[in-house]
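*Asks:*
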Amino acid sequence: MTDQTIHSGERPAAAPLPPHMRPRAVFSQADFPLLRKAVQAYLQTHRDEPDTVQMASLYHRLGRVD
1 MTDQTIHSGE
11 RPAAAPLPPH
21 MRPRAVFSQA
31 DFPLLRKAVQ
41 AYLQTHRDEP
51 DTVQMASLYH
61 RLGRVD
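Residues in the sequence shown are numbered from 1 upward in steps of one, following UniProt numbering.
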């Protein structure tokens, strides 16, 4: 790092992580329709539960995942 870099506020480029240290996706793309179906079933059977609003929001967010 040079004096100029320190004073300009720029950060040096980070080195890419090795493959064994990269974050991996928790869910597969094929999981999202299944999760959405499960949330929909929950919403149909638990209409009066306090967390219905959060579950409905989750249902809609899962629908936006491609």
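Beta carbons: idealized from backbone N, C-alpha and C, even for Gly.
Note that the structure is a prediction, hence the values are computed from the model and not measured.
Drop a sphere of 10 angstroms on the beta-carbon of Val53, count the other beta-carbons inside from all chains shown, and report buried for 16 or more, exposed for fewer.
*Replies:* Looking at its Cβ environment, which holds fewer than 16 other Cβ atoms inside 10 Å, Val53 is exposed.
*Asks:* For the stretch 35-51 and the stretch 8-22, state whether three or more C-beta atom pairs, one from each stretch, are separated by less than 8 angstroms.
*Replies:* As far as the Cβ criterion goes, the stretch 35-51 does not touch the stretch 8-22, which means the pair count is below three.
*Asks:* Check Ala13 in the structure and name its three-state DSSP category.
*Replies:* The answer is coil: DSSP assigns Ala13 none of H, G, I, E or B.
*Asks:* According to the Cβ coordinates, are Leu34 and Tyr59 closer than 8 angstroms?
*Replies:* Result no, Cβ atoms of Leu34 and Tyr59 do not sit closer than 8 angstroms.
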